[in-house]
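Numbering (this note's numbering), first residue to last: 224 to 355.
Here it is, written out as structure tokens:
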């Protein structure tokens with residue numbers, strides 16, 4: 224997002240600009256994305272807006288490996304606008320577009336093995352059973 228898209232003269236304070244960023248990030252192969260914009264948007268009073276899409280973790284060791292975050296400050300006529308972007312990367316075993324270690328809660332279900340059915344041996348009556 225550039226400064227021009229956030230200026231009130233262009234009337235692109237719409238949510239479309241922020242949802243456009245979410246859509247672009249998700250199409251690029253991310254597992255989740257979060258954009259937080261805080262500051263004076265249209266009114267005198269500052270407020271924060273959150274835009275989320277996908278899956279995002281927020282605690283534990285995997286956050287350090289899976290979450291990529293950035294903070295930028297945009298100087299506008301009304302004041303400063305803060306933008307935080309958090310992107311959750313997808314697991315990549317090769318390590319090109321994401322971390323090589325899988326998430327700890329990742330469950331893999333293997334296909335069942337073929338079982339060999341063994342028939343029990345035929346029961347041969349003993350002498351005691353024949354006398355009865």
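Where is the CB? At the ideal position from N, CA and C, for every residue including glycine.
Residue nearest to residue i in terms of C-alpha spacing, selected from the options
i           : options               : result
residue 287 : 312, 344, 260 and 317 : 312
residue 309 : 324, 289 and 338      : 289
residue 301 : 266, 282, 335 and 281 : 266
Segment limits, beta strand (DSSP E) that includes residue i
i           : result
residue 347 : Premise fails: residue 347 is in no beta strand (DSSP E) and is neither H nor E.
residue 311 : 303-311
residue 240 : From DSSP, residue 240 is part of no beta strand (DSSP E) but of the alpha helix (DSSP H) over 238-250.
residue 340 : Note, residue 340: premise wrong, no beta strand (DSSP E); not H, not E.
residue 262 : 255-262
residue 276 : 270-277
Supposed close pair residue i, residue j - CB separation, criterion 8 angstroms
i           : j           : result
residue 357 : residue 274 : Lying outside 224 to 355, the shown extent of the chain, residue 357 is not represented and no answer is given.
residue 292 : residue 307 : 7 angstroms
residue 255 : residue 276 : 7 angstroms
Boundaries of the alpha helix (DSSP H) in which residue i is found, first to last residue
i           : result
residue 286 : 285-289
Per DSSP, cross-strand counterpart(s) of residue i
i           : result
residue 282 : DSSP, once it has assigned bridges, lists no residue as partnering residue 282.
Any 3 or more C-beta pairs closer than 8 angstroms across the region 340-348 and the region 313-329: no
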